[in-house]
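S.K.:
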Amino acid sequence: MVISPEKNVKSSIQKAPRQSIALISEHGDPAAEIGREEAGGQNVYVRQVGEALSRLGWQVDMFTRKANPDDATIVQHNPHCRTIRLKAGAEEFVPRDQLFEFMPEFVESFLKYQAKQNYPLIHTNYWMSAWVGLEVQKTHNVELIHTYHSLGAVKYQSVPNRPTIAETRLAVEKQILEQARCIVATSPQEEMMLRSLVSDAGRIEVIPCGTDLKRFHVIPKLDARKELGLKPTDEVVLYVGRFDPRKGIETLVRAFALIHHSSADPSNLKLVIVGGSAADKLDGDERQRIEQLVADLGIAENVIFAGRVGHDRLPLYYTAADVCAIPSHYEPFGLVAIEAMACGTPVVASDVGGLKFTVVPGETGLLVPPQDTAAFAEAIGRILDDELWARKLRKRASERVQQNFSWTGVSAQLSDLYRRSLAESIMGDGVILAPRKVAYSRVNTIPAKSLT
Ligand code: UDP
Numbered sequence: 019m020v021i022s023p024e025k026n027v028k029s030s031i032q033k034a035p036r037q038s039i040a041l042i043s044e045h046g047d048p049a050a051e052i053g054r055e056e057a058g059g060q061n062v063y064v065r066q067v068g069e070a071l072s073r074l075g076w077q078v079d080m081f082t083r084k085a086n087p088d089d090a091t092i093v094q095h096n097p098h099c100r101t102i103r104l105k106a107g108a109e110e111f112v113p114r115d116q117l118f119e120f121m122p123e124f125v126e127s128f129l130k131y132q133a134k135q136n137y138p139l140i141h142t143n144y145w146m147s148a149w150v151g152l153e154v155q156k157t158h159n160v161e162l163i164h165t166y167h168s169l170g171a172v173k174y175q176s177v178p179n180r181p182t183i184a185e186t187r188l189a190v191e192k193q194i195l196e197q198a199r200c201i202v203a204t205s206p207q208e209e210m211m212l213r214s215l216v217s218d219a220g221r222i223e224v225i226p227c228g229t230d231l232k233r234f235h236v237i238p239k240l241d242a243r244k245e246l247g248l249k250p251t252d253e254v255v256l257y258v259g260r261f262d263p264r265k266g267i268e269t270l271v272r273a274f275a276l277i278h279h280s281s282a283d284p285s286n287l288k289l290v291i292v293g294g295s296a297a298d299k300l301d302g303d304e305r306q307r308i309e310q311l312v313a314d315l316g317i318a319e320n321v322i323f324a325g326r327v328g329h330d331r332l333p334l335y336y337t338a339a340d341v342c343a344i345p346s347h348y349e350p351f352g353l354v355a356i357e358a359m360a361c362g363t364p365v366v367a368s369d370v371g372g373l374k375f376t377v378v379p380g381e382t383g384l385l386v387p388p389q390d391t392a393a394f395a396e397a398i399g400r401i402l403d404d405e406l407w408a409r410k411l412r413k414r415a416s417e418r419v420q421q422n423f424s425w426t427g428v429s430a431q432l433s434d435l436y437r438r439s440l441a442e443s444i445m446g447d448g449v450i451l452a453p454r455k456v457a458y459s460r461v462n463t464i465p466a467k468s469l470t
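Numbering-wise (this note's numbering), the sequence shown opens with residue 19 and increments by one.
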């Protein structure tokens, strides 16, 4: 039988073993329920990136700490991507700022897999994973790529009493920037922060976060409202995220109360708050505080606490809303912004961090100073009151996400970075390879229009 050369090449490609890589996310379990205490953007990022990288030909192992004895030790997401929960301390929830003491055990558990799989590249997420990566690098030849997700230097600016772990965190965040093969900043704003607050040394590439466009896309608004029991005439403001004081839900509730009290007929105004909480946890305290505030402000009839909602139903909430508000005090990226925009919902967000990058004022929503109740009320009111303008914002919002923030595109850039990193490590002598041009439109740099 004659085999054509093309066929030969194809069959040898199919048989080529996949390169194993490790993603480490010590507290952000990629297989966890999202939207509960401490399970947010980082979990989504690692899971989506891991699965997309496996579709691009990598064998992906994602490591996290086992925080519940009922959780499986290994969760297989597809034949080429799994979450592995490592033993590091008791199998119970431990808040992030008390986790560091368990990291040496995490390293020990990880090294058993490293011995078997021999990962040449580790992508670490959050500073404690960076510490794990740096420890592994002391005894193994591995390339480190790091994504911060949150930056101590920014966080501690607004915290009056620094926790005792602060000095260690700041030192590790500097060390990883200076020693990793490359840092992935998720926005140009994050890159600037790293340069001004952490170090001039080290390499940074900007690769944004993404969203799943198969899930988050425009669907008919009235259908979504019907499904959620909202009326076509309702004016709906939406919050999606964790219950954490730094998310600024208080600012939004107070802003909504201003709109409510200045409205001639507030009966159609609705504030929908999506996010899970557990009564015995810190997020339970914050939810209680917010519920009390809602009652004190006399707006309880207009506020709906929807609880945790999975990504399967979240597009309904985004679509049903007239405005999605993101009142965070700080946000390194803010996945909720691009999820809402992908569904064609304008965003009113704090003018901070990654939100400055994703939300284009006057084009896809509005940016206002963080914690400024009056400014949030005014911006949300402007969108609610101007249907024609809101329609334009909706169109531009979904276009912007489609062009720039798909997980497929983001993962293709990460995959390219990994390949270059591995090639550079073989070539040695400080060789730096340029990023490959990506086939889709690069990050948008539409100039921000002023609010006025
Ligand atoms: N989320 C969710 N269900 C909820 C609340 C939040 O799936 O009930 C998801 C949300 O869709 C987003 C993530 O949690 O993907 C939050 O990420 P973001 O970057 O906005 O904030 P973080 O939690 O990282 O501070």
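Beta carbons are placed, not taken as given, at the ideal position from N, Cα and C, and that holds for glycine.
Looking only at its chain, what residues have a beta carbon closer than 6 Å to the beta carbon of GLY228, apart from the 5 residues adjacent to it on each side?
M.R.: If you number the sequence shown from 1, residue 228 lands on position 210. The answer, listed in chain order, is PHE423, SER424, TRP425, VAL428.
S.K.: Exposed or buried, which one is ARG36 when buried takes at least 16 other CB atoms within 10 Å?
M.R.: As a position in the sequence shown, residue 36 is number 18, starting the count at 1. By the 10 Å Cβ count, ARG36 comes out exposed.
S.K.: Mark HIS279 as exposed unless 16 or more other C-beta atoms lie within 10 angstroms of its C-beta, in which case mark it buried.
M.R.: One-based indexing of the sequence shown puts residue 279 at position 261. So HIS279 ends up on the exposed side.
S.K.: Please classify GLN37: does DSSP put it in a helix, a strand, or coil?
M.R.: As a first step, residue 37 must be located in the sequence shown, where it is residue number 19. If DSSP states are grouped into helix, strand and coil, GLN37 belongs with the strands.
S.K.: Quick one: using the 10 Å Cβ neighbour count with 16 as the cut-off for buried, is LYS134 buried or exposed?
M.R.: Start at 1 with the first residue of the sequence shown, and residue 134 comes out as number 116. Flag for LYS134 reads exposed.
S.K.: Give the DSSP-derived three-state secondary structure of LEU117 in the structure shown.
M.R.: Here residue 117 refers to the residue found at position 99 when the sequence shown is read from its first residue. If DSSP states are grouped into helix, strand and coil, LEU117 belongs with coil.
S.K.: If you draw a straight line from the C-alpha of ILE464 to the C-alpha of TYR131, how long is it?
M.R.: The residue given as residue 464 occupies position 446 in the sequence shown. The residue given as residue 131 occupies position 113 in the sequence shown. With a pLDDT of 37 at ILE464, under the threshold of 50, the modelled position of that residue is not reliable, and the figure given next carries that caveat. Looking at the two C-alpha atoms, the distance is approximately 45 Å.
S.K.: Using the Cα positions of VAL370 and ASN61, report the straight-line distance between them to the nearest angstrom.
M.R.: Here residue 370 corresponds to residue number 352 of the sequence shown, with the count starting at 1. Here residue 61 corresponds to residue number 43 of the sequence shown, with the count starting at 1. Straight through space, the alpha carbons of ASN61 and VAL370 are spaced by roughly 22 Å.
S.K.: Taking just the CA atoms, how far does TRP149 sit from PRO23?
M.R.: In the sequence shown, residue 23 corresponds to position 5, counting from 1. In the sequence shown, residue 149 corresponds to position 131, counting from 1. In this predicted model, PRO23 has a pLDDT of only 46, less than 50, meaning its place in the structure is not dependable enough to derive any value.
S.K.: Quick check: what's the CA-CA separation for ARG409 versus VAL172?
M.R.: Taking the first residue of the sequence shown as 1, we reach residue 409 at position 391. Taking the first residue of the sequence shown as 1, we reach residue 172 at position 154. Rounded to the nearest angstrom, the two C-alpha atoms are 35 Å apart.
S.K.: Let me make sure I understand the geometry here. Which of ILE225, GLU191, ARG199, ALA198 has the alpha-carbon closest to that of LEU212?
M.R.: The residue given as residue 212 occupies position 194 in the sequence shown. Nearest option by C-alpha distance: GLU191.
S.K.: Between which two residues does the beta strand (DSSP E) harbouring GLU253 extend?
M.R.: In the sequence shown, residue 253 corresponds to position 235, counting from 1. First-last of the beta strand (DSSP E) with GLU253: 253-258.
S.K.: Can you check which of these residues, ALA367, GLY107, PRO388, is closest to GLY380 by C-alpha distance?
M.R.: By 1-based counting over the sequence shown, the position of residue 380 is 362. It is ALA367 whose Cα lies nearest to the Cα of GLY380.
S.K.: Hey, ALA50 and ALA57 are a contact pair by Cβ (cut 8 Å); roughly how many whole angstroms apart?
M.R.: Locating residue 50 in the sequence shown gives position 32, where the first residue counts as 1. Locating residue 57 in the sequence shown gives position 39, where the first residue counts as 1. Contact holds; Cβ gap of about 5 Å.
S.K.: Within a Cβ cutoff of 6 Å, which residues of the same chain sit near GLY399, ignoring the five residues on either side of it in sequence?
M.R.: By 1-based counting over the sequence shown, the position of residue 399 is 381. Cβ neighbours of GLY399 beyond the five flanking positions: ILE277.
S.K.: With a threshold of 16 other CB atoms inside 10 Å of the CB of MET80, please say whether the residue is buried or exposed.
M.R.: On the sequence shown, residue 80 is found 62 positions in, with the first residue counted as 1. Looking at its Cβ environment, which holds 16 or more other Cβ atoms inside 10 Å, MET80 is buried.
S.K.: Using only the alpha-carbon positions, how far apart do SER72 and ALA338 sit?
M.R.: One-based indexing of the sequence shown puts residue 72 at position 54. One-based indexing of the sequence shown puts residue 338 at position 320. Going from the Cα of SER72 to the Cα of ALA338 covers about 33 Å.
S.K.: What is the DSSP secondary structure of LYS84, reduced to helix, strand or coil?
M.R.: Here residue 84 refers to the residue found at position 66 when the sequence shown is read from its first residue. Correct three-state label for LYS84: coil.
S.K.: Are at least three pairs of beta-carbons, each pair with one atom in the region 243-255 and one in the region 435-451, less than 8 Å apart?
M.R.: No, the region 243-255 is not in contact with the region 435-451.
S.K.: Measure the alpha-carbon distance for ALA90 versus SER43 and round it to whole angstroms.
M.R.: Taking the first residue of the sequence shown as 1, we reach residue 90 at position 72. Taking the first residue of the sequence shown as 1, we reach residue 43 at position 25. Answer to the nearest angstrom: the Cα atoms are 16 Å apart.
S.K.: Need the endpoints of the beta strand (DSSP E) that ALA203 sits in, please.
M.R.: To locate residue 203, count along the sequence shown from 1; it is residue 185. From DSSP, the beta strand (DSSP E) with ALA203 extends over 200-203.
S.K.: So for ARG233, helix, strand or coil by DSSP?
M.R.: Position 215 of the sequence shown, counted from the start, is the residue given in the question as residue 233. It is coil, neither helix nor strand.
S.K.: Looking at C-beta atoms only, is the number of pairs between the region 221-241 and the region 266-276 that lie closer than 8 Å three or more?
M.R.: no
S.K.: Could you tell me the alpha carbon to alpha carbon distance between GLU126 and GLY293, rounded to whole angstroms?
M.R.: For this step, residue 126 is matched to residue 108 along the sequence shown. For this step, residue 293 is matched to residue 275 along the sequence shown. Taking the straight line from one Cα to the other gives about 35 Å.
S.K.: Whole angstroms are fine: how far does the CA of SER147 sit from the CA of ARG83?
M.R.: Mapped onto the sequence shown, residue 83 falls at position 65. Mapped onto the sequence shown, residue 147 falls at position 129. Approximately 10 Å, taken between the alpha carbons.
S.K.: Looking at the unbroken alpha helix (DSSP H) that takes in LEU139, where does it start and where does it end?
M.R.: The count along the sequence shown starts at 1 and reaches residue 139 at position 121. Where LEU139 is concerned, there is no enclosing alpha helix (DSSP H), although the beta strand (DSSP E) around it starts and stops at 139-143.
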